[in-house]
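Numbering of the sequence shown is given in our numbering, commencing with residue 2 and proceeding in unit increments.
We treat Cβ as the ideally placed atom computed from N, Cα and C, and that holds for glycine.
Computed from a predicted structure; not experimentally measured.
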Amino acid sequence: MRIFVVFLLLLIAPLPVLASPQPENSWQQTYDKLRAEDTRLAFEYLQSHVNRLAPGSERIYVGATLARTAISLREGQSLTSSIVYSNNINDEILQHIVAALLFAHENIYSQTMAEFKQAISKAYTLEEPAVIATVELFYINVKISLANYVQLNHHIKEVERNVQLMNDLFWGVNSLHNVKALNANFNGDHALAIEMYQQAIANTVHEANKAPYYNNLALTYLDLGNFSDATKYLKKSLKLREQQNNQFKIALTMLNLGIVANRANQHQDALTWLDKAYQLYVEFNNSYRKAYTLVQKAKVYTKLKQTTKATNAIEQALSLISVTDNINLITDIRIHAAENMLTLGKVDAAIEQAMIAHDLALSVNDKSHLIQSLELLSDLTAKLGNYEQAYQFNTKLLMEKEQLNAQKSMQAMIALESELEVTAQQLENVRLEKSNNLQQQQISRLEERQRYQAVIIVFSLILLFLSLRGYNKHKYRAQHDNLTGALNRGAFVGRVTRFGNPTLGKKHALMLFDLDHFKQVNDAYGHPTGDLVLIQTAELVRNFFPQTALFARFGGEEFMVFIPNVTDDEIFELANQFRERLSTHDITTETREKMTVTASFSTLTYQNHLSNLDKIYSKLDVALYDAKNRGRNCVVKA
């Protein structure tokens, strides 16, 4: 029944609506036409067009599109001469995005994120909706390309919110349809994903430009087990990409065809496609894609019972990913490796890979991969007869799943209640206008809609009451971190943004801190000790700061504290005092050893009511990055 309730709520929750799409600019029409003919023609057009535009949101979008096109043609080095930058802050943002795209192509994760953090911080400083929407849109695309879906819903909503404030939408509406569809598919909402892809296909004028949507639609059908339609749409995509002469995208489509063929038990076809994709990735010298392709080949070899070839492919893949610092991609490959080793009967080796994946997912708060790794570890330890450990992993797994489901249920319920409030307001607005026959009809329709929604809410509440008797426990888990008891990010942001203005002569303050070298603690002392460090750090925060403070775990070893009604000097002094307290606090490991940890801090104060935490968080994040670069264990003002 719980699943039914969640499904019902998600089914009737309103879909966010974009502002009505404006006619696309002439540059977009020209670019789309040329891209349909040949990617290089589109690239040359963007090269000639970008420097004609004044610094601003449209130039950022065109310049970033040029960078992505150049990378797909292996022309990344040409970008240094293609774009002439000024000292304008909009051009600084464009420079950061171009650098981030180049780093992302090389799978250099930390530098990719560092460049985007700079771009996002500067975009929010400008407070121009078009700039913010453009930067966030490219950030979303890069996160997806790096298999990082963490906090993606938040960034998509930021794009939608800022699009609503824009006068003219100078990029095609498909840009957002595609990322929303990819995110929906990742979250298991295949119906929404298919709907969004079909909208994107219908909106696309030139047939050749439908290739990415055919490719992604095929992956949705793959998730649904419809291998026939998946193959059909991938072959359509491949044909179009060959017409466009886009080798990087051709390789991606061939890789996907290999995955589908293997799932459909067409093993020789799978190896043929995967071999072709691998050769192209060798030409591109793309370590991650080579590794991912090798893991897929290992899966085929395993099905064919060619264990030596499967083992060699996995070992070769694992050696390749050591050269990248992209945690999400590495986690993905480690999970695939663990699954394949289990199939080969190498349970100990599978546990080792699954444990690495678990720790990596935990470090970046990647719920999807964390749940996958816990499922694997529970099964694997049970196979070895270690039922106590299997039970512990299964308990953690259930907690993670319950927390995720509770959050989704509450979000759907809130969305439905909000829709009812909107309908009520619409009804009141109509009643206030001068009555006539047409308006009376509109009133009747709205009243009927309101009654219908009221019935749905009552019915949903009854079902929720019957199936979720432990509501308070779920609510607590939906708002708090399981390990430390601190607020989670969403609950913290909600409470901080509801806080009123500070008292006269005071400010509200935020303090962000991140434990230094935490991975080394896990490696040296083990994960139980790592958990103990996080728990005791949280306890120190609760005991040190005033009761009016709010405290959250933002992910991994990163924490945020809100302190109301202080001065700049007071918060800086408080942060330093806590830094010293933490660095001298003895933590006893499971082996009775004593150890200490340090952390890097950033602080920021503000006076006006805070309606959105993103801009301030970006500033704090940049300052925290600065604190790390200064040698750690210090406080930096944002």
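query, result
"Three-state class that DSSP yields for G64 in the structure shown", "helix"
"Simplified DSSP state of P565, which is helix, strand or coil", "strand"
"T254 and R242 closer than 8 Å at C-beta", "yes"
"Close-in-space but distant-in-sequence residues of the same chain around R582 (CB under 7 Å, 5 per side omitted)", "L541, F545"
"Reduced DSSP category for K435 - H, G, I as helix; E, B as strand; rest coil", "With a pLDDT of only 43 at K435, under the threshold of 50, the placement of this residue in the model should not be trusted; the figure read from the coordinates follows. K435 falls in the coil class under three-state DSSP."
"Proximity to E340 [Cα-Cα], best of S364, T568, H370, L321", "H370"
"Proximal residues to A185 (C-beta, below 7 Å), its chain only, five neighbours per side dropped", "L193, A194, M197"
"Which of helix, strand or coil DSSP assigns to S87", "coil"
"Cβ-Cβ distance between V301 and H268 below 8 Å", "yes"
"Pick from L533, F560, H207 that is closest to L488, judged by C-alpha positions", "F560"
"Backbone CA spacing between L11 and K181 [nearest angstrom]", "Note that L11 scores a pLDDT of 32, beneath 50, so its modelled location is shaky; the value from the coordinates is reported in the next line. For L11 and K181, the distance between alpha carbons rounds to 16 Å."
"Enclosing alpha helix (DSSP H) for A600 [first to last residue]", "No alpha helix (DSSP H) contains A600, which is instead part of the beta strand (DSSP E) from 600 to 607."
"Proximity winner among V63, A68, V99, relative to F171 (alpha-carbon distances)", "V63"
"Simplified DSSP assignment, three categories, for V365", "coil"
"R499: first and last residue of the uninterrupted alpha helix (DSSP H) it sits in", "Here R499 belongs to no alpha helix (DSSP H), and DSSP marks it neither H nor E."
"One or two residues paired with A620 in a DSSP bridge", "One detail in the question is off: residue 620 reads as Lys in this sequence, not Ala. None; K620 has no bridge partner."
"Coil, strand or helix - H337 by DSSP", "helix"
"Cβ-Cβ distance between Q119 and H97 below 8 Å", "yes"
"Buried versus exposed call for G632 [16 or more other C-beta atoms within 10 Å across all chains shown]", "exposed"
"Nonlocal neighbours in the same chain, by C-beta distance under 7 Å from I157, ignoring five residues either side", "I141, V180, K181, N184"
"Three-state class that DSSP yields for T254 in the structure shown", "helix"
"Rounded separation between K291 and Q578 - CA only", "49 Å"
"Local conformation of K638 per DSSP, three classes", "strand"
"Among N366, M400, L343, the one whose alpha carbon lies nearest that of K380", "Here residue 380 is Asp; the residue named in the question, Lys, does not match the sequence. The option with the nearest alpha carbon to D380 is L343."
"Secondary structure of F573, DSSP reduced to three states", "helix"
"N- and C-terminal bounds of the beta strand (DSSP E) containing M167", "Run containing M167: none; DSSP gives neither H nor E here."
"Beta-carbon proximity of A338 to A311, cut-off 8 Å", "no"
"Whole-Å CB distance - A576 paired with V497, under 8 Å assumed", "Between V497 and A576 the Cβ distance is about 17 Å, and since that is not below 8 Å, they are no contact."
"Length of the line joining the Cα atoms of N502 and N566", "9 Å"
"Between the CA atoms of I328 and H106 - distance to the nearest angstrom", "15 Å"
"Extent of the continuous alpha helix (DSSP H) run through F118", "Residue identity differs from the one stated: residue 118 is Lys in this sequence, not Phe. Where K118 is concerned, the enclosing alpha helix (DSSP H) stretches over 110 to 127."
"Strand pairing of G556, partner residues [DSSP]", "E559"
"Cβ pair L533, I572 closer than 8 Å", "no"
"Neighbourhood of V51 by C-beta, 8 Å cutoff - its chain only, sequence neighbours within 5 removed", "R60, V63, G64, L67, S83, I84"
"Where A55 sits in the DSSP three-state scheme", "coil"
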